[in-house]
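Residue numbers (the numbering used here): 235 to 299. Note that CB positions come from ideal geometry on N, CA and C, so glycine has one too. Note that the structure is a prediction, hence the values are computed from the model and not measured.
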């Protein structure tokens with residue numbers, strides 16, 4: 235799980251640094267507060283999906299008594 239979270243974090247950072255992604259969403263990296271808010275929201279959504287995926291994996295592996 236730790237490696238998967240590291241890969242997710244790296245992909246988010248790389249994607250946000252891509253000029254194509256910034257242009258696609260209309261992001262302005264020079265507007266520090268707005269850029270940080272959007273990046274924080276996307277990072278939080280990825281973390282939430284990691285928790286949901288871990289819960290789903292647990293339910294699928296551990297039999298319910």
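DSSP places residue 285 in the uninterrupted alpha helix (DSSP H) bounded by 266-295. Annotation for residue 256: 263 place their beta carbon closer than 7 angstroms to its own, counting only its chain and skipping 5 residues before and after. For residue 258, the enclosing alpha helix (DSSP H) stretches over residues 253-259. In the pairwise beta carbon analysis, the segment 288-298 is classified as not touching the segment 258-277: fewer than three pairs are separated by under 8 angstroms. One Cα belongs to residue 254, the other to residue 246, and the distance between them is close to 14 angstroms.
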